[in-house]
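In this note's numbering, the protein residues as written are 908 to 1175.
Ideal placement from N, C-alpha and C gives every residue a C-beta, glycine not left out.
See below for the structure under consideration.
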């Protein structure tokens, strides 16, 4: 499994892309999108070599980082080891290590916030959204205007069924970065769960006016149409989702909704 990183200043979600879908927040595998450089918690050739090894041999990176930590590798070794554990699927141990590292590292606030974000995403992969929410909150205490961190926390809040709290964070993220399609799709889904379907549709229409081929927005619009009783319109949008991104989680969810639509339920 490949593992990519979150860059604190880039606004990207790292290691994990979370899609707020018709029935909840679903995790896409960590190799969904390449990410920018990781937060820097070390320097020197050993750190660079360990991070590079994560991309091709995560098991080897875990072993190398563990040996390096025993030799006094410090924050760099601990960071590489935690990311290696995440890459090999030991998400709970990785999350705990990342959280402790973010609390104790000597790095600047943006880098520590990015490590808290990695911990949050690891907690989500461990099905512990309450821990993810707490880690995101700690990250935001360091960089309060980071839109990606606001989205991270909104994702965790929604996984806990706290859609109103998710909406507050998403509203702020949209204010910070108005044109970000991903955030608008997340906000539309939160609005839908709060029965504000007209507001949700406005967000989706804005995304589709800018990105007509956005598969996640098409998926969400289909859900909104289904809620309005427009089964034919919902079916067309879900078929378009599959056509636009046939190998994506959005397409999988669209296919599930199509099957349910044919069976006749009125709400997703």
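Residue range of the alpha helix (DSSP H) that includes residue i
i, result
"residue 973", "965-977"
"residue 1090", "1088-1100"
"residue 983", "981-994"
"residue 1008", "998-1011"
"residue 948", "No alpha helix (DSSP H) contains residue 948, which DSSP labels as neither H nor E."
"residue 1050", "Here residue 1050 belongs to no alpha helix (DSSP H), and DSSP marks it neither H nor E."
"residue 1108", "1104-1117"
"residue 1154", "Per DSSP, residue 1154 belongs to no alpha helix (DSSP H) and is neither H nor E."
"residue 1073", "1070-1083"
"residue 1132", "1122-1134"
"residue 1032", "1016-1032"
Residue i: CB within 8 Å of a non-hydrogen atom of the ligand SAM
i, result
"residue 1062", "With respect to the ligand SAM, the structure shown offers nothing to examine, as it has no ligands at all."
Nearest-angstrom Cα separation, counted from residue j out to residue i
i, j, result
"residue 1052", "residue 1086", "16 Å"
"residue 1107", "residue 1114", "11 Å"
"residue 915", "residue 990", "With a pLDDT of 26 at residue 915, under the threshold of 50, the modelled position of this residue cannot be trusted; read the value that follows with caution. Between residue 915 and residue 990, the C-alpha separation is close to 16 Å."
"residue 1010", "residue 985", "13 Å"
"residue 1146", "residue 1125", "9 Å"
"residue 1062", "residue 1073", "7 Å"
"residue 987", "residue 1068", "33 Å"
"residue 1135", "residue 1103", "12 Å"
"residue 977", "residue 957", "14 Å"
"residue 1109", "residue 1037", "30 Å"
"residue 1041", "residue 946", "20 Å"
Cβ separation of residue i and residue j, assumed to be a contact under 8 Å, to the nearest whole Å
i, j, result
"residue 1024", "residue 1059", "6 Å"
"residue 994", "residue 965", "4 Å"
"residue 981", "residue 953", "Between residue 953 and residue 981 the Cβ distance is about 10 Å, and since that is not below 8 Å, they are no contact."
"residue 1083", "residue 1054", "4 Å"
9 Å Cβ cutoff met for residue i and residue j
i, j, result
"residue 1141", "residue 1149", "no"
"residue 1057", "residue 1080", "yes"
"residue 992", "residue 1004", "yes"
"residue 1122", "residue 1152", "yes"
"residue 999", "residue 1043", "no"
"residue 1028", "residue 1012", "no"
Burial state of residue i, where buried means 16 or more other Cβ atoms lie within 10 Å
i, result
"residue 880", "The structure shown does not extend to residue 880, since the chain is modelled only from 908 to 1175, so the question has no answer here."
"residue 1168", "buried"
"residue 955", "exposed"
"residue 961", "buried"
"residue 1164", "buried"
Proximity test, Cβ basis, 9 Å: residue i and chain D
i, result
"residue 967", "Given the protein chain composition of this structure (a single chain), no chain D is represented."
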